[in-house]
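According to the UniProt record's numbering, the sequence shown holds residues 1 to 247 in order.
Remarks on the structure that follows.
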Amino acid sequence: MSIPLLDYKPSSQNQRVEGYEVPNEDTPRIYRIEDYAFAGEVEELIWAAYRQVFSEHVILKFYRQINLESQLKNKAITVRDFIRGLAKSEAFQNLVFESNSNYRLVEIGLKRLLGRAPYNKDEEIAWSITIATQGWSGFVDALLDSEEYTSNFGENIVPYQRRRYKDRPFNLVTPRYGNYWRDKLEDARYKWGDIKNFLAMANSINIKTVTYTPVSTANIKIPDTTRPAVPQGIPVSINPSAGFPVR
Numbered sequence: 001m002s003i004p005l006l007d008y009k010p011s012s013q014n015q016r017v018e019g020y021e022v023p024n025e026d027t028p029r030i031y032r033i034e035d036y037a038f039a040g041e042v043e044e045l046i047w048a049a050y051r052q053v054f055s056e057h058v059i060l061k062f063y064r065q066i067n068l069e070s071q072l073k074n075k076a077i078t079v080r081d082f083i084r085g086l087a088k089s090e091a092f093q094n095l096v097f098e099s100n101s102n103y104r105l106v107e108i109g110l111k112r113l114l115g116r117a118p119y120n121k122d123e124e125i126a127w128s129i130t131i132a133t134q135g136w137s138g139f140v141d142a143l144l145d146s147e148e149y150t151s152n153f154g155e156n157i158v159p160y161q162r163r164r165y166k167d168r169p170f171n172l173v174t175p176r177y178g179n180y181w182r183d184k185l186e187d188a189r190y191k192w193g194d195i196k197n198f199l200a201m202a203n204s205i206n207i208k209t210v211t212y213t214p215v216s217t218a219n220i221k222i223p224d225t226t227r228p229a230v231p232q233g234i235p236v237s238i239n240p241s242a243g244f245p246v247r
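Next up, the structure:
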């Protein structure tokens, strides 16, 4: 029995407000299948889809889904189906799904599939329940079959970050995994002296006491540096070169 999606209030983010910005380098490029008549030209759209879903600047051979690419080139599937296949692929699950919590998966899914960040914590909780009850596959289907996806991307447009007004691209601020998974990887290749084990390292150091030899000043003769007194009534001249009074 699946739990229905909890209600949450959408906040007023950039993508929900009609904009009047002049197109510039931050304006997202829209990849639409109708703009690519030949199979060779579709390669550009395919790479855009990989960059959007995997958020990688270099696409490795391990990521590629040759069967899906062939079907898209032959118009056997839509761009939406291609995105669905990439998000459900084994490569994506190994890279992203297995190394993140449900809350972070919600953030990644919304950014890469719907082109926006979560509205608030309530939305993260609502979608995390969907992941917990229906799995990652059910979560992907819920996003791609939603009215929001259909109204913004339809069947033949690659998702993109909608109205990136001033924030950096998602792929620059949302790495593949979070800090806790990074720390777990760091523990696997732990090196002595890590800050987490600093106290244990400090306690293990053997401190040797330094023995100082006392020095006696009884036999040390201190020279007399006082100047002789000058009798009163005798004029005194200053010799600059000598540095002391001369009679």
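Glycine is no exception: its CB is placed at the ideal position from the N, C-alpha and C atoms.
### Message
Tell me which residue opens and which closes the alpha helix (DSSP H) that Lys121 is part of.
### Response
For the purposes of this step, residue 121 is taken as the residue at position 121 of the sequence shown. Counting along the chain, the alpha helix (DSSP H) containing Lys121 begins and ends at 121-144.
### Task
Measure the C-alpha to C-alpha separation of Thr133 and Asn102 and round it to an integer number of angstroms.
Sequence index remark: in the sequence shown, residue 133 carries index 133 (1-based). Sequence index remark: in the sequence shown, residue 102 carries index 102 (1-based). Cα-Cα distance, rounded: 11 Å.
#### Entry: C-beta atoms of Ile157 and Val79 nearer than 8 Å
Mapped onto the sequence shown, residue 157 falls at position 157. Mapped onto the sequence shown, residue 79 falls at position 79. Yes; because the gap between Cβ atoms is below 8 Å, this pair is in contact.
### Query
So Ala87 is in the alpha helix (DSSP H); what residue range does that whole segment cover?
In the sequence shown, counting from the first residue as 1, residue 87 sits at position 87. Note, Ala87: alpha helix (DSSP H), 79-87.
#### Entry: Delimiting residues of the alpha helix (DSSP H) encompassing Ala76
For the purposes of this step, residue 76 is identified with residue 76 of the sequence shown, where counting begins at 1. Per DSSP, Ala76 belongs to no alpha helix (DSSP H) and is neither H nor E.
#### Entry: Buried or exposed by the 16-neighbour rule on C-beta atoms within 10 Å, applied to Ser151
Mapped onto the sequence shown, residue 151 falls at position 151. Exposed: under 16 other Cβ atoms inside 10 Å.
### Query
Do you know how far the Cα of Asp122 is from the Cα of Gln93?
Within the sequence shown, residue 93 is the residue found at index 93, counting from 1. Within the sequence shown, residue 122 is the residue found at index 122, counting from 1. Straight-line Cα distance between these residues: approximately 25 Å.
### Query
When you compare only the Cα positions, how much space is there between Ile108 and Ile46?
Stepping through the sequence shown from its first residue, residue 108 is reached at position 108. Stepping through the sequence shown from its first residue, residue 46 is reached at position 46. The alpha-carbon atoms of Ile108 and Ile46 are separated by roughly 20 Å.
### Task
Leaving out five residues on either side along the sequence, give the residues of the same chain with a beta carbon under 8 Å from the beta carbon of Leu5.
Looking up residue 5 in the sequence shown gives position 5. Hits under 8 Å: Ala126, Trp127, Ile129, Thr130, Ala142.
### Query
For Gly115 versus Tyr50, is the C-beta spacing smaller than 8 Å?
The residue you call residue 115 lines up with position 115 of the sequence shown. The residue you call residue 50 lines up with position 50 of the sequence shown. No, the pair does not count as a contact, with Cβ atoms beyond the cut-off.
### Query
In three-state DSSP terms, what is Arg32?
Numbered from its first residue, the sequence shown carries residue 32 at position 32. Arg32: strand per DSSP, three-state reduction.
### Query
Candidates Gly135, Ser89, Tyr149, Ser216: which alpha carbon is nearest Ile66's?
Taking the first residue of the sequence shown as position 1, residue 66 is located at position 66. That would be Ser89, whose Cα lies nearest to the Cα of Ile66.
### Query
Nearest-angstrom Cα distance between Lys73 and Phe82?
On the sequence shown, residue 73 is found 73 positions in, with the first residue counted as 1. On the sequence shown, residue 82 is found 82 positions in, with the first residue counted as 1. Answer to the nearest angstrom: the Cα atoms are 10 Å apart.
### Message
Alpha carbons only, please: which of Lys111, Glu69, Arg104 is nearest the one belonging to Arg163?
### Response
On the sequence shown, residue 163 is found 163 positions in, with the first residue counted as 1. Arg163 has its Cα closest to that of Lys111, out of Lys111, Glu69, Arg104.
#### Entry: Cβ-Cβ distance between Leu144 and Leu95 below 8 Å
Start at 1 with the first residue of the sequence shown, and residue 144 comes out as number 144. Start at 1 with the first residue of the sequence shown, and residue 95 comes out as number 95. No, these two residues do not count as a Cβ contact at 8 Å.
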